[in-house]
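If you read the protein sequences in the order shown, they are chains A and B.
Numbering-wise (this note's numbering), the first sequence opens with residue 40 and increments by one.
Numbering-wise (this note's numbering), the second sequence opens with residue 3 and increments by one.
Just so you know, even glycine gets a beta-carbon here, dropped at the ideal spot from N, CA and C.
Remember, it's a predicted structure, so these values are computed and weren't measured experimentally.
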Amino acid sequence: MTRDRFLQELKYRIGYLPKEEQDAAMAYYIEYFEEAGNDEAVLLELGSPAEVAARIISDYNARNDSLPVQQVQPKAHKNLAGVFAGILSAPLWIPLLFVAGILVLVLLFVLFILFLVLFVVAAALLKAALSAFLISIPTALFGIGASVLLFGLLILAIYGMICGTRALIHFAAQRKGA
Amino acid sequence: MAFQLGSALLEACVLAIVVREDVYGYKLTQEIKQIIDVSESTLYPVLRRLQKDGFLDTYDQPYQGRNRRYYTITAAGTARFKQFWNQWNDFRDNVDRVMNGRDKA
Chain A
40 MTRDRFLQEL
50 KYRIGYLPKE
60 EQDAAMAYYI
70 EYFEEAGNDE
80 AVLLELGSPA
90 EVAARIISDY
100 NARNDSLPVQ
110 QVQPKAHKNL
120 AGVFAGILSA
130 PLWIPLLFVA
140 GILVLVLLFV
150 LFILFLVLFV
160 VAAALLKAAL
170 SAFLISIPTA
180 LFGIGASVLL
190 FGLLILAIYG
200 MICGTRALIH
210 FAAQRKGA
Chain B
3 MAFQLGSALL
13 EACVLAIVVR
23 EDVYGYKLTQ
33 EIKQIIDVSE
43 STLYPVLRRL
53 QKDGFLDTYD
63 QPYQGRNRRY
73 YTITAAGTAR
83 FKQFWNQWND
93 FRDNVDRVMN
103 GRDKA
């Protein structure tokens, strides 16, 4: 290997370092060859360009790893915020919100139908029970009891839903405030 | 040699040379190599690190139609050298004491 090839390969191998680092290292080793005046001896002493480059790079990394230790956390936080901002501002978010809205509406509609059915069944049961009084009093009493139970469950379910929604809104508002 | 040469000791030796006089890279490495057996590829990163930490500064001086890059010590470098000097003295005294079988002072 010649001096030129050594320097060429060294330059190539430290090519990803900042320009200032590259220039400093290259200037140093060019000067070293010049001063020594004996290329063969210097080449023998330095070893392969890969080894020399590895030392330069590992020192550069060590110097620049130790500094940002305190900066890593806020940076990661910033990045996370950036990711959220990206999702929110991306066009992807609009169809997602649309789908979520539809899902909520469908859920509410299903619940409404369920309650309606419950109400109709309870009402029909009550009406049947009232007209059954003339035929069989125990049957009528059973029918009234069953319909009252259904009405009770219906009221409980609606009340529960209102409470649940209120808690959800309260929770969401608190999270937003925090 | 059986004893490991840490980077702190290497830095201390480099500062010890530069604290006396400004010196260019090749001469510095030759002087270091007279004291400790160390390869050239180990020395450049040490110089670069000392420079980046603000302990050494460089300037170029023309010599035979090209430049010689001289290393000179900064105020922080002098302070760092004094720190190294004190620590080295304590360290050496302690090792001397146990090596020579003397009691603790």
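Expressed to the nearest angstrom, what Euclidean distance is found between the alpha-carbon atoms of residue i and residue j?
i	j	result
B/Gln63	B/Leu30	16 Å
B/Thr80	B/Glu33	19 Å
A/Leu135	A/Val91	54 Å
B/Asn102	B/Asp59	41 Å
A/Ala218	A/Met200	Residue numbering for chain A in the displayed model covers 40 to 217; residue 218 of chain A lies beyond these limits and cannot be assessed.
A/Ile197	A/Leu180	26 Å
A/Cys202	A/Ala101	58 Å
A/Ile126	A/Ser87	49 Å
A/Trp132	A/Ala124	11 Å
A/Lys166	A/Ile183	9 Å
A/Ser170	A/Leu157	20 Å
B/Asp92	B/Val100	13 Å
A/Glu48	A/Glu79	16 Å
A/Val108	B/Thr76	Note that A/Val108 has pLDDT 43, beneath the 50 cutoff, so the model's placement of it is unreliable and no number is given.
A/Glu70	B/Arg51	19 Å
A/Pro113	A/Gln213	Its pLDDT being 48, under 50, A/Pro113 is placed unreliably in this model, and the value from its coordinates should be taken loosely. If you take the alpha carbons of A/Pro113 and A/Gln213, they lie about 24 Å apart.
B/Gln53	B/Ala78	11 Å
A/Leu195	A/Leu146	18 Å
A/Thr204	A/Leu142	16 Å
A/Leu144	A/Ala168	36 Å
A/Val122	A/Leu207	26 Å
A/Asp104	B/Phe57	19 Å
B/Arg70	B/Ile38	24 Å
A/Ile174	A/Ala163	17 Å
A/Ala89	B/Arg22	34 Å
B/Arg104	B/Val97	10 Å
B/Val20	A/Tyr67	17 Å
A/Ile152	A/Pro130	34 Å
Contact defined as beta carbons within less than 8 Å: I believe residue i pairs with residue j. What is the distance between those atoms, to the nearest angstrom?
i	j	result
B/Tyr46	A/Ile95	7 Å
B/Val25	B/Tyr65	Contact flag wrong, Cβ pair sits at about 13 Å.
B/Ala4	B/Trp90	B/Ala4 to B/Trp90, Cβ: 19 Å. No contact.
A/Leu56	A/Tyr99	6 Å
A/Phe72	A/Arg44	At roughly 12 Å, the Cβ-Cβ gap does not stay under 8 Å, so A/Phe72 and A/Arg44 are not in contact.
Looking at the C-beta of residue i, does it have a partner C-beta in chain B at a distance below 8 Å?
i	result
A/Ile95	yes
A/Tyr55	no
A/Glu48	no
A/Glu73	yes
A/Glu79	no
A/Tyr51	no
A/Arg102	yes
A/Val91	yes
A/Glu59	no
A/Leu85	yes
A/Ala63	yes
A/Gln110	For A/Gln110, the predicted model reports a pLDDT of 40, less than 50, meaning its position is unreliable; a value from the coordinates is still stated below. No - not a single Cβ of chain B is within 8 Å of the one on A/Gln110.
Determine whether the Cβ of residue i lies closer than 8 Å to any Cβ atom of chain A.
i	result
B/Tyr28	yes
B/Thr74	no
B/Glu42	yes
B/Tyr46	yes
B/Arg82	no
B/Ile19	no
B/Arg70	yes
B/Arg50	yes
Cβ atoms of residue j and residue i: under 8 Å apart, would you say?
i	j	result
B/Leu12	B/Phe83	no
A/Leu82	A/Met40	yes
A/Leu193	A/Phe154	yes
B/Tyr61	A/Ala75	no
B/Ser9	A/Leu85	no
A/Ala64	A/Ile53	yes
What residues in its chain sit with their C-beta under 6 Å from that of residue i, if we drop five residues either side in the sequence?
i	result
A/His209	none
A/Ala161	Ser186, Leu189, Phe190
B/Phe86	Ala14
Tell me which residues share the same chain as residue i and place their Cβ nearer than 8 Å to its Cβ, disregarding the 5 neighbours each side in the sequence.
i	result
A/Leu150	Met200
B/Val48	Ser9, Leu12, Glu13, Val16
To which residues of the same chain is residue i closer than 7 Å at the C-beta, ignoring the five residues directly before and after it?
i	result
A/Thr178	Ala171
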